[in-house]
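Undergrad: Please see the structure below; I have some questions.
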Amino acid sequence: MTMQEAMMNEHPPVRTDADELVQGIEKGDVRALARSISLLENESPRALAILSALYRYVGRAYRIGITGPPGAGKSTLLNKLVMEIRKEHHAVGILAVDPSSPFTGGALLGDRIRMNDSVQDGHVYMRSMATRGSLGGLARTTAQAADLLDAFGKDYVVVETVGVGQIELDVASAVDTTIVVLVPESGGSIQAMKAGIMEIADILVINKADRPGAGELEDEILQILEMKPRDERPTPVLLVSAREGKGIEALWAAIKHHREMLAAEGIRELRRKSQIRSAITNHVLERTRSFIERNEEMGRMVESLSLEVLENRCDPFRAASLILKKLGIS
Ligand SMILES: Nc1nc2c(ncn2[C@@H]2O[C@H](COP(=O)(O)OP(=O)(O)OP(=O)(O)O)[C@@H](O)[C@H]2O)c(=O)[nH]1
Ligand SMILES: [Mg+2]
């Protein structure tokens, strides 16, 4: 068997219960959906078989990201927003991305409880996403879970991410409209600017506007936005009180407006194409990596080349070339 053949055999089609889950999702069975997302979280090859079988249904759901510092009221806002979306009878999927939950478990339960209002409704599916692996893995499995919800037939997928880090940026690149939530007390704008989340905002929400300081924060943000080049579309800044349900209709209108703009300018399709492009490349890289790590012959080759480099008989770059050659790539 050549290396190329060995690589092709690495991922034999896993067709046992994957087929059943695919059929389940096609029939609208929520349990099949939940199991499939769990398989994604566990990075099971079966999950990819399922996604692969359902991929032709992917691309219809509109994706909304809600991000911002911890405790900004993202879940409260999401809950109210979902109720607004439900008024128009759309089916909604919610993903709460929680990098901390594998360690604490606490935040996850908190989200479940606070999400209850909208979850009662049979057309809303809510799920917390966690990972055992890397944060990069979490962003990827979240995007894949959004694909599954999309294939399942949800009209809207809303993703909540906590914190201000790389994961927010990764998730933002996988959604259509990104809402950044700031609050008066966090002195938020400067912090958010530093972390780069102001730049990813399609809509800026100042939540807890029932508290003092909201107006000042608004002024601050508007000043920062003035610094954007003139030809860039002004980012809407909305004062909201999620707890009191104030400003939610305006937020929903702003989302729809953004959606229309993306569609009119063909941006959504361009973005989707670039998302698909990176999904393909990333998958190739991942499979190559896992093949190199798992294949015994490759393992021995890497081992002996490492030794050669250590003894100055080779260098890492030539070693990599030899491995690529072995894989039949160059
Ligand atoms: N005063 C006021 N409090 C709010 C508002 N929205 C949310 N809160 C409160 O802020 C706290 C945090 O709300 P969450 O919705 O859990 O915030 P979150 O951003 O989802 O929190 P994490 O997911 O833990 O980062 C809760 O006690 C809410 O009741 C608001 O508009 N005004
Ligand atoms: Mg939350």
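Counting in the working numbering, the sequence shown runs from 134 upward without gaps. Glycine included, each C-beta is placed from N, C-alpha and C at the ideal position. Treat the numbers as computed from the prediction; the structure is a model and nothing was measured.
Within the structure, which residues are defined as neighbours of ligand 2 by a Cβ-heavy atom distance below 5 Å, reported in chain order?
TA: K207, S208
Undergrad: What is the rounded straight-line gap between the Cα of G399 and the Cα of V155?
TA: Answer to the nearest angstrom: the Cα atoms are 31 Å apart.
Undergrad: Using the beta-carbon count (16 or more within 10 Å), is A334 buried or exposed?
TA: buried
Undergrad: From this set, A375, L315, V338, which residue's C-alpha is nearest I388's C-alpha?
TA: V338
Undergrad: Below 7 Å, is the gap between the Cβ of V370 and the nearest heavy atom of ligand 1?
TA: For V370, the CB stays at least 7 Å from every heavy atom of ligand 1.
Undergrad: Our contact map puts L460 next to M134 with C-beta atoms below 8 Å; I'd like the distance itself, whole angstroms only.
TA: Not really, about 13 Å apart at Cβ, beyond 8 Å.
Undergrad: Taking G206 and R376 to be in contact with their CB atoms under 8 Å, please state how far apart those CB atoms are, rounded to whole angstroms.
TA: 7 Å
Undergrad: Between M262 and V230, is the Cβ-Cβ spacing less than 8 Å?
TA: Cβ atoms of M262 and V230: closer than 8 Å.
Undergrad: Report the three-state DSSP secondary structure of K379 (helix, strand or coil).
TA: strand
Undergrad: May I ask whether a heavy atom of ligand 1 can be found less than 7 Å away from the beta carbon of V313?
TA: Here the distance from the Cβ of V313 to the nearest heavy atom of ligand 1 is not below 7 Å.
Undergrad: Measuring only from the beta carbon, is N295 closer than 7 Å to any heavy atom that is part of ligand 1?
TA: This sequence places Val at residue 295; Asn is not what is there. Result yes, Cβ under 7 Å from ligand 1.
Undergrad: Please state whether DSSP places L460 in a helix, a strand or coil.
TA: Reduced to three states, the DSSP call for L460 is coil.
Undergrad: Residue range of the beta strand (DSSP E) that V230 falls in?
TA: 225 to 230
Undergrad: Can you find a heavy atom of ligand 1 that lies under 7 Å from the Cβ of A386?
TA: no
Undergrad: Please work out which residues of its chain come closer than 8 Å, Cβ to Cβ, to G346, disregarding the five sequence neighbours upstream and downstream, and give them in chain order.
TA: P317, E318.
Undergrad: Name the two residues that bound the continuous beta strand (DSSP E) containing E293.
TA: 289 to 295
Undergrad: Is S185 helix, strand or coil when you go by DSSP?
TA: helix
Undergrad: What is the residue span of the alpha helix (DSSP H) that A417 lies within?
TA: A small fix is needed here, since residue 417 is Val in this sequence, not Ala. Unbroken alpha helix (DSSP H) run through V417: 400 to 427.
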